[in-house]
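UniProt numbering applies: residue 1 is where the sequence shown begins, and numbers increase by one. We put the beta carbon where it would ideally sit given N, CA and C, even for glycine.
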Amino acid sequence: MTVTAEAVVSDEQRRVTITSWKTPIIFGLFTVLFALLPLLVPREGDSTFRLVRSADAAIQLPELVLPANATAWVAVVLLAAITALSVLWTRARRRLPLWLTVIYVIVLLVGFLAWASAGGTLPMIGLLGGALALATPLIFGALGGVIGERVGVVNIAIEAQLLAGAFMAALVGSATGSAWAGLIAAMVAGVLVSLVLAVFAITYYVNQVIVGVVLNVLVAGLTTFLYRQVLNANPETLNSPPLFPVIPIPLLSEIPVLGPVLFRQTIIVYLMYITVFLVWYGLYRTRWGLRLRAVGEHPQAADTVGIKVAPTRYWNMMLAGAIAGMGGAFYTLVTNPQFGREMTAGAGYIALAAVIFGKWDPVRATLAALLFGFATNLQGVLSVIGSPVPSQFMLMLPYVVTIFAVAGLVGRSRPPAASGEPYIKS
Numbered sequence: 001m002t003v004t005a006e007a008v009v010s011d012e013q014r015r016v017t018i019t020s021w022k023t024p025i026i027f028g029l030f031t032v033l034f035a036l037l038p039l040l041v042p043r044e045g046d047s048t049f050r051l052v053r054s055a056d057a058a059i060q061l062p063e064l065v066l067p068a069n070a071t072a073w074v075a076v077v078l079l080a081a082i083t084a085l086s087v088l089w090t091r092a093r094r095r096l097p098l099w100l101t102v103i104y105v106i107v108l109l110v111g112f113l114a115w116a117s118a119g120g121t122l123p124m125i126g127l128l129g130g131a132l133a134l135a136t137p138l139i140f141g142a143l144g145g146v147i148g149e150r151v152g153v154v155n156i157a158i159e160a161q162l163l164a165g166a167f168m169a170a171l172v173g174s175a176t177g178s179a180w181a182g183l184i185a186a187m188v189a190g191v192l193v194s195l196v197l198a199v200f201a202i203t204y205y206v207n208q209v210i211v212g213v214v215l216n217v218l219v220a221g222l223t224t225f226l227y228r229q230v231l232n233a234n235p236e237t238l239n240s241p242p243l244f245p246v247i248p249i250p251l252l253s254e255i256p257v258l259g260p261v262l263f264r265q266t267i268i269v270y271l272m273y274i275t276v277f278l279v280w281y282g283l284y285r286t287r288w289g290l291r292l293r294a295v296g297e298h299p300q301a302a303d304t305v306g307i308k309v310a311p312t313r314y315w316n317m318m319l320a321g322a323i324a325g326m327g328g329a330f331y332t333l334v335t336n337p338q339f340g341r342e343m344t345a346g347a348g349y350i351a352l353a354a355v356i357f358g359k360w361d362p363v364r365a366t367l368a369a370l371l372f373g374f375a376t377n378l379q380g381v382l383s384v385i386g387s388p389v390p391s392q393f394m395l396m397l398p399y400v401v402t403i404f405a406v407a408g409l410v411g412r413s414r415p416p417a418a419s420g421e422p423y424i425k426s
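Quick look at the structure:
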């Protein structure tokens, strides 16, 4: 009997459909909790959604004014309808599509924003643009985490890769006067960190979680030391990197609302769009992705059909490090013109949470990272317009959702079978 590489991952295509009521239950729970807001804490006045950034925009849109409490109740009705639809589909043993969840989240957000911003003006372009800026390094880190875990290595060291990338981007970018040189240096730094993780995890079979945590602490300490001893001593020449300019894409950048947010960005954001697509396409549509998933699901079977497990893991871990390093470069070549100690502030751990929340899928992990960025930016915007919602609750939201995801309460969340397991050839 001949075994092929396709047979290694064929279980992904032949999964038995199991009826799960978890998603309808979560929908119902959030619908009831949201309904309590307009019921117990009704908000008087109108909510204004500003859809253009300035008066000189090519396409002008009027401000959207919605009655706060009435809009919240309309959202409750729509959420209840979506919940009922999910119940019917689950009873019919149909798999709930991703778009249904996306619509539910959008309706929930619109209703909540209308309720929370009663009597104030919400700048939508600033809110969405800030969310994308905060999510970009998380997306790069999450993509690195997806590749690592799909090939069988738990990439706990995303934080170290982001921080090393930010440091080297600032150093090399300042020394050469080139943002592109800084970006390449950031990718190399991410590769080196991931290579250290790969050597200990793949060759010496050391516990991957322990190695990753040690690398995070090591890189944080090393960059802090070099920042004090090297960068601070020559800030003008070694810690003043040039920033990537904003490049608006003609026509696309003039699309109302989404145009300025998505298509008036720097080259790193555009590279992020391309990277998300390439990782998704490569993972599910190419031989590279088939072999990567085979090694992560069943390395012994992959070895049997001629796939070299250790080299496959090494090369893909280096690729994951390069992608995460690009996320680190975003900190010092886009948002901040200099490196600061521990400036990533735990973003690598949030990216790892996005990997889990996204069920080890590049597109879902990207959406999860966008949720983190949106929630982080929203708490600042709501505090500025005087919303009664405590900012701490908004910061807690993505972590609470992640706990639900890890616990399996938002559907099946199963990591690759061989993730974290060293392969010892017998």
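Fully contained in the segment 271 to 300 is no beta strand (DSSP E) run of length 3 or more. In chain order, T23, P24, F27, L96, L100 place their CB closer than 7 Å to the CB of S86, counting only its own chain and leaving out the 5 sequence neighbours on each side.
With respect to the C-alpha of Q208, the residue from R93, M317, E342, L33 having the closest C-alpha is M317.
When M272, A375, P242 are compared, the shortest CA-CA separation from G173 is found for P242.
The Cβ neighbour count for T31, taken over all protein chains shown within 10 Å, is at least 16; the residue is labelled buried. For P123, the uninterrupted beta strand (DSSP E) run begins and ends at 121 to 123, by DSSP. No residue range can be given for F263, since it is assigned to no beta strand (DSSP E) and is classified by DSSP as neither H nor E. In the three-state DSSP reduction, F357 falls in the helix class (H, G or I). One alpha carbon belongs to V334, the other to L367, and they sit about 21 Å apart. Judged by DSSP secondary structure, R50 falls within the beta strand (DSSP E) whose first and last residues are 46 to 50. Residue nearest to T344 within the set A72, L37, G148, L162 is L162 (criterion: CA-CA distance). Per DSSP, reduced to three states, the secondary structure at P38 is helical. Distance from the Cα of I424 is smallest, within the candidate group N216, V213, T224, I202, for I202. Scanning its chain for C-beta atoms nearer than 6 Å, with the 5 sequence neighbours on each side dropped, one finds around P123 the residues R50, in chain order.
In this structure, the CA atom of W73 is about 22 Å from the CA atom of F393. The beta carbon of A322 is closer than 6 Å to those of M187, G190, V191 in its chain, skipping five residues each way along the sequence. V400 and G346 have their C-alpha atoms roughly 17 Å apart. For A68, the closest alpha carbon among the candidates L113, N216, A353, T83 is that of L113. Exclusion of the five residues before and after Y270 leaves no residue of its chain whose Cβ lies closer than 7 Å to its Cβ.
Bridge partners of V65 according to DSSP: T48.
I247 sits in a strand when the DSSP states are folded into three classes. In the structure shown, W21 adopts coil according to DSSP, grouped into three states.
If you draw a straight line from the Cα of A35 to the Cα of A75, it is about 9 Å long. With contact defined as three or more Cβ pairs closer than 8 Å, the segment 129 to 149 and the segment 367 to 385 are in contact. Scanning the segment 310 to 381 from its first residue to its last, the whole alpha helix (DSSP H) runs of 4-plus residues come out as 347 to 357. Bounds of any alpha helix (DSSP H) do not take in Y423, whose DSSP letter is neither H nor E. One thing to note: I307 has its Cβ within 8 Å of the Cβ of A294.
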